[in-house]
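Engineer: Sequential numbering from 0 applies to the sequence shown in numbering that gives the first Met the number 0.
Glycine included, each C-beta is placed from N, C-alpha and C at the ideal position.
Just passing along the structure, written as structure tokens.
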Amino acid sequence: MDEADQSFEQEWQAAFDQAEQTPPVHIWAAIDGHLANQKADEYKRQLLIYQWVAAACALLLLTFGVQYWTSSNMPIHDVTHNSTHHTPGSIQSSSPEQPTVSPSLDQAPSATVLDKGTSKKISPNHSQKPATLPVPVRNKKPNMEVKAGARTLPTDIMFFTSIDRQEVIYHSSLLAPELPDFLYGVPKTYLIQQEEAFATLWAGVSMSSGSFDPAFKANNAGQADYLQAPSASFAPIANENADQSGLQYDPGFSVSGGLNVGTRIKQRIILSTGLHYNAYTTGKTETYVLSHGSDYYAVTGDPTDHALASAASSDNIALVSNDVDLSNEYKYMSIPLKAGYVILDKRFNITLNTGLSSNFLLNAELVEHGATEPLSNDLNTKDNYESIYFNFISSIEFGYQFFHKYQVTLEPNYNQALTEFTNSNNLNEGKPRNIGVAFGIKYNF
């Protein structure tokens with residue numbers, strides 16, 4: 000009887016071992032939904048970058064159109080200037096009010112003597128000597144104007160001579176004074192030295208958007224300390240590829256904005272600096288949730304998460320689910336220092352920039368996505384990162400000047416960390432990099 004029962008149990012056990020268990024339909028639906036959400040997040044990040052680039056290009060084209068329309072409808076005004084020409088024997092004036100005394104050369108010449116308000120005719124045989132007074136002579140040519148650059152000068156010129164106290168006998172062969180019919184003036188040209196033809200100081204604002212890659216890799220020193228913590232036993236469950244080195248985060252996106260100032264030290268050399276606010280976000284990664292009584296904790300792989308470490312050290316902690324996503328958010332204040340070389344220095348200009356940036360940490364934290372219950376973790380991770388790290392900056396700036404003083408810029412840029420932004424508390428170490436496009440406006444003083 001015992002042998003029959005034992006054989007019966009062995010047959011049923013073999014039947015169950017050979018049976019294939021098909022996962023329920025809702026599990027496959029959950030997997031497909033998770034993959035679709037990851038793909039949608041990737042498309043959203045790409046769409047954000049495309050929207051910024053499209054908006055910057057549209058604004059740049061609109062600025063070009065406004066500037067072209069303004070310059071094509073600007074009236075041109077002629078500016079005229081009167082001038083006076085002096086010669087040793089004559090005085091030339093441009094006054095429109097001229098005396099009309101014009102003796103004819105065909106008649107017998109005579110002089111008019113003005114003595115205390117009375118006038119007399121002086122004949123050749125008159126013995127009285129007249130007083131010496133100027134006698135105006137009018138040119139017989141009509142009053143005409145001629146332009147010379149932006150200047151005009153009339154030809155109705157007054158010629159003054161004088162009569163001394165002696166008898167004057169005029170000869171019929173006397174000719175009228177030779178006066179030019181037209182006087183031409185050459186405008187004076189002022190040359191500006193080439194070194195002084197650029198603005199020496201400018202200020203502006205800018206905003207940038209792009210991708211952010213934390214470039215994490217395993218930190219051996221941090222792992223050795225983390226393996227001693229009670230929560231380390233849950234790290235492989237949270238991420239099968241982590242190998243007890245913490246969660247791995249995909250690249251995310253970055254947004255920054257701030258003030259810029261600069262100056263030209265040479266004709267084509269520019270120095271600039273500023274003050275920028277930077278916000279970085281990594282991609283999401285999936286992790287498990289643990290329960291301890293009524294509290295829930297995500298397996299973060301963070302050695303400084305004291306709330307999780309305290310819960311993991313107890314005996315009544317249980318694994319709940321794996322439907323929580325975590326991402327990192329960083330906030331920095333940066334001070335860039337760049338040197339630029341102007342390739343094209345016209346209304347449309349191109350500048351190559353390179354330099355260094357000092358990034359000061361303001362805050363760092365983990366952000367949960369899709370948690371059904373509020374988490375009790377200590378999600379602030381500021382202690383896991385250096386308070387300052389340094390970036391290498393490289394960019395090419397396209398600018399367009401309008402209204403003489405203003406300039407819009409479009410600047411694709413690449414930033415690479417020269418020092419690690421993580422410290423020994425972090426299970427990972429990394430030198431982040433980001434690629435973005437900045438749009439700005441400047442004012443030239």
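Is Ile392 closer than 8 Å to Gly354 when the C-beta atoms are compared?
Structural biologist: Yes, the pair counts as a contact, with Cβ atoms nearer than the cut-off.
Engineer: When you compare only the Cα positions, how much space is there between Glu396 and Tyr42?
Structural biologist: Their Cα atoms are separated by approximately 27 Å.
Engineer: Among Tyr331, Pro213, Gly256, Val341, whose alpha-carbon lies nearest the alpha-carbon of Val204?
Structural biologist: Nearest of Tyr331, Pro213, Gly256, Val341 to Val204, Cα basis: Gly256.
Engineer: Nearest CA to the CA of Ala338: which residue from Thr262, Thr418, Pro302?
Structural biologist: Out of Thr262, Thr418, Pro302, Thr262 has the C-alpha closest to the C-alpha of Ala338.
Engineer: Name the residue from Glu419, Ser6, Pro373 whose alpha carbon lies nearest to the alpha carbon of Leu289.
Structural biologist: Among Glu419, Ser6, Pro373, the Cα nearest to that of Leu289 is on Pro373.
Engineer: Taking Ala416 and Tyr388 to be in contact with their CB atoms under 8 Å, please state how far apart those CB atoms are, rounded to whole angstroms.
Structural biologist: Contact holds; Cβ gap of about 6 Å.
Engineer: For a test of the three-state rule: what should DSSP assign to Ala3, helix, strand or coil?
Structural biologist: Helix.
Engineer: Does the contact criterion of 3 or more C-beta pairs under 8 Å hold for the stretch 25 to 43 versus the stretch 422 to 430?
Structural biologist: With a cut-off of 8 Å, the stretch 422 to 430 and the stretch 25 to 43 do not count as touching, because too few Cβ pairs lie within range.
Engineer: Looking only at its chain, what residues have a beta carbon closer than 6 Å to the beta carbon of Phe7, apart from the 5 residues adjacent to it on each side?
Structural biologist: Cβ neighbours of Phe7 beyond the five flanking positions: none.
Engineer: Kindly give me the distance between the Cβ atoms of Asn376 and Ala297, rounded to whole angstroms, as I take these residues to be in contact under 8 Å.
Structural biologist: Sure, about 6 Å apart at Cβ, within 8 Å.
Engineer: Would you list the one or two residues that DSSP bridges to Ile387?
Structural biologist: Its beta-bridge partners are Phe359.
Engineer: Suppose you measure from the CA of Pro141 to the CA of Thr350; what does that come to, to the nearest Å?
Structural biologist: Its pLDDT being 49, under 50, Pro141 is placed unreliably by the model, and the measurement read from it follows with that caveat. So the two alpha carbons sit approximately 60 Å from each other.
Engineer: Does the distance from the CB of Tyr248 to the CB of Thr299 come in under 8 Å?
Structural biologist: It is not a contact, given that the beta carbons lie outside the stated cut-off.
Engineer: Could you give the uninterrupted runs of the alpha helix (DSSP H) lying entirely in the stretch 276 to 319, keeping only those of 4 residues or more?
Structural biologist: With a minimum length of 4 residues, the continuous alpha helix (DSSP H) runs that stay inside the stretch 276 to 319 are 305 to 311.
Engineer: How many Å lie between Leu60 and Gly398 at the Cα?
Structural biologist: So the alpha carbons of these two residues sit roughly 12 Å apart.
Engineer: Who does Pro263 pair with in a DSSP beta bridge?
Structural biologist: Before going on, a small fix: residue 263 reads as Arg here, not Pro. Bridge partners of Arg263: Ile269.
Engineer: Looking at Ser356 and Asn334, is the spacing between their C-beta atoms short of 8 Å?
Structural biologist: A quick correction: the sequence has Ile, not Asn, at residue 334. Taking 8 Å as the Cβ cut-off, Ile334 and Ser356 qualify as a contacting pair.
Engineer: How is Asp324 classed by DSSP in three states: helix, strand or coil?
Structural biologist: The answer is strand: DSSP assigns Asp324 an E or B state.
Engineer: Alpha carbon to alpha carbon, how far is Gly439 from Phe359?
Structural biologist: Their Cα atoms are separated by approximately 23 Å.
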